[in-house]
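Working notes, structure below.
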Amino acid sequence: MNARLERVELIRLAVPMKRRFRSSVSAISTCETLLVRVSGEGLEGWGEVVADVRPEYGPETLDTAARTISAFLAPPLLERAIDGVPSATQRWAWVRGHSMAKAGVELALWDWWGRLSGASVASLLGQARARVPVGVSVGLCDSASELEAQLEGFRAEGYRHAKLKVTPAWLEEPIAVARRSADAFAIDANGSFTGAELDRLLALSGPAFVEQPFAWDDLVDHAALTARSAVPVALDESVPSLAALRSAIALGALEILNVKPGRVGGLLAAKACVELAAQAGLGVFIGGMLETAIGRAGNVAVASLDGVNRPSDLPASSRTFETDLATPFVLGPDSTLTVPGGPGLGVTVDEAAIRRFRTS
Ligand code: MG
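Numbered according to my numbering, the sequence shown spans residues 21 to 380.
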């Protein structure tokens, strides 16, 4: 099939969140996001750029992504007909980095291509299951009682897995709370520890894994911890690409991989990471970035692939938003989300909500 793309549009929004979310690097109560709408052949496709306002998770921001898309990623897509998403994205293979910008445009292309061909994005990627097990990520809390109340609330909603944000100042206390009240839990430090605190991390017990204890650009300390820790080490920020994953595996720097399609450059790169990690015998799950249902739909499609063997960090829409930007994801039985089966991403965009929250 050959199809002509006619338009690529960027829409910046500020979507109010139900509650403030705090990690070791940020605290936000409004989800600022950038949507990508592509259109051609009478159909539309939607994507989402999951960068933040500030370069605090990775080096990109919403502004750098918008600039990269309009200057470098969108123009080659409009030059000539497209015969598939993989070959279309090859047109910007020369662009180094800017993974979140690439992932946002690629997602819109998948949605558009799926609608053109009448197939779901999950099935185009090689879907292996209809429902995916999910858990919640719990932000930093001010007290043990606040954490206890949050965990109790999530359990009442039906979640069976929680991942707690931790820092060097908030580590032993939340673990003690979670050991009392959560069914299964892991911890995520977002790079807030240094190699000097190795012994403290070696003394941990209880969490299913410890995610990204050390800096985003550090593999060596993660390898030192992995070699000695009874609690498995998971990597998130330290794996920005498939090539970085190869290095991390070669160094023995992880036992579990958190695959975020936005961080690695899109659904195709995420699929390649899942496959490589599974071949290496790693635990694998899909993570998110507080995206709306548009971005989440792409993450859920990747979570449906073979090789994803742990509950993914993809909570239902109601966890984050009063009003989502597309068909909300609802928590199903056994702490799962259903993979949308309709054409494209399988979610219907709420144009009224987009008009309401759009800022530019
Ligand atoms: Mg993380």
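We put the beta carbon where it would ideally sit given N, CA and C, even for glycine.
Taking the alpha helix (DSSP H) that residue i belongs to, which residues open and close that run?
i, result
"Gly318", "313-323"
"Asp83", "82-88"
"Asp219", "218-222"
"Ile102", "That residue, Ile102, is in no alpha helix (DSSP H); it is neither H nor E in DSSP."
"Lys291", "287-299"
"Ala91", "Unbroken run through Ala91: none, as it is neither H nor E."
"Leu245", "240-248"
"Val284", "281-284"
"Leu265", "262-271"
CB-CB under 6 Å to residue i, same chain, minus the five flanking residues each way: which ones, in chain order?
i, result
"Ser337", "Ala313, Asp344, Pro348, Phe349"
"Gly286", "Lys122, Ala123, Glu126"
"Arg27", "Ser59"
"Gly361", "Ser140"
"Leu434", "Look at the range of the chain in this structure, 21 to 380, and you will see that residue 434 is not part of it."
"Glu76", "Val45, Ser46"
"Gly215", "Asp241"
"Gly315", "Glu68, Val70"
"Lys280", "Gly307"
With a CB to CB cut of under 8 Å and the five nearest residues on each side skipped, what residues in its chain are close to residue i?
i, result
"Asp333", "Val154, Gly155, Val156, Ser157, Lys183, Asn278, Phe305, Ile306, Gly307, Gly308"
"Ser201", "Glu168, Leu171, Glu172, Arg175"
"Pro194", "Cys161, Ala164, Leu167, Leu184, Val186, Ile207"
"Glu342", "Pro36, Lys38"
"Ala85", "Leu54, Val69, Ala71, His118, Met120, Ala121, Gly124"
"Asn22", "Ala101, Ile102, Asp103"
"Arg378", "Ile31, Arg32, Leu33"
"Thr368", "Ala346, Thr347"
"Gly138", "Pro363"
For residue i, report the span of its beta strand (DSSP E) as first-last.
i, result
"Phe229", "Segment: none, Phe229 is in no beta strand (DSSP E) and carries neither H nor E."
"Leu63", "63-69"
"Ile306", "303-306"
If you measure between the beta carbons of residue i and residue j, is that distance less than 8 Å?
i, j, result
"Leu239", "Ala268", "yes"
"Leu255", "Leu274", "yes"
"Gly65", "Asp131", "yes"
"Asp370", "Ala346", "yes"
"Gly366", "Ala317", "yes"
"Ser261", "Ala289", "yes"
"Val253", "Val294", "no"
"Thr340", "Ala150", "no"
"Val70", "Met120", "yes"
"Pro363", "Gly134", "yes"
"Glu80", "Arg57", "no"
"Ala243", "Leu271", "yes"
"Arg42", "Gly159", "yes"
"Ile276", "Leu302", "yes"
"Ala263", "Gln232", "no"
"Ile48", "Ile374", "no"
"Val16", "Val284", "This structure cannot speak to residue 16, because the chain is shown only from 21 to 380."
"Val251", "Ser225", "yes"
"Leu93", "Val115", "yes"
Using a Cβ-Cβ cutoff of less than 7 Å, which residues in the same chain neighbour residue i once the five nearest sequence positions on both sides are dropped?
i, result
"Ala108", "Leu97, Ile102, Leu129"
"Ala204", "Arg180, His181, Ala228"
"Leu222", "Arg248, Ser249"
"Gly146", "Leu325"
"Ala148", "Ser324, Leu325, Asp326"
"Lys291", "Leu145, Val322, Leu325"
"Leu25", "Val58, Gly60, Leu97, Leu98, Ile102"
Residue i bridges to which residues according to DSSP?
i, result
"Cys51", "Val35"
"Gly60", "Leu63"
"Ala192", "One point to set straight first is that residue 192 is Glu, not Ala, in the sequence displayed. According to DSSP, Glu192 bridges with nothing at all."
"Asn210", "DSSP, once it has assigned bridges, lists no residue as partnering Asn210."
"Ile276", "Ala254, Gly303"
"Leu184", "Val158, Ile207"
"Leu30", "Val56"
"Arg378", "Leu33"
"Ala23", "Ile102"
"Arg42", "Ala47"
"Asp72", "Thr81"
Can a CB atom of chain D be found closer than 8 Å to the CB of residue i?
i, result
"Ser163", "This model lacks chain D altogether, as it is built from one protein chain only."
Practice item. Please list the segments of the beta strand (DSSP E) lying wholly inside the segment 124-170, counting only runs of 3 or more residues, in order along the chain. Key: 151-153, 156-158
Practice item. Scan the segment 323-371 and note each continuous beta strand (DSSP E) run of 3 residues or more that stays entirely inside, going in chain order. Key: 356-358
Review point. Which residues have their C-beta within less than 7 Å of a heavy atom of the ligand PLP, listed in chain order?
Key: Only the ligand MG can be found as ligands here, which leaves the ligand PLP out of the picture.
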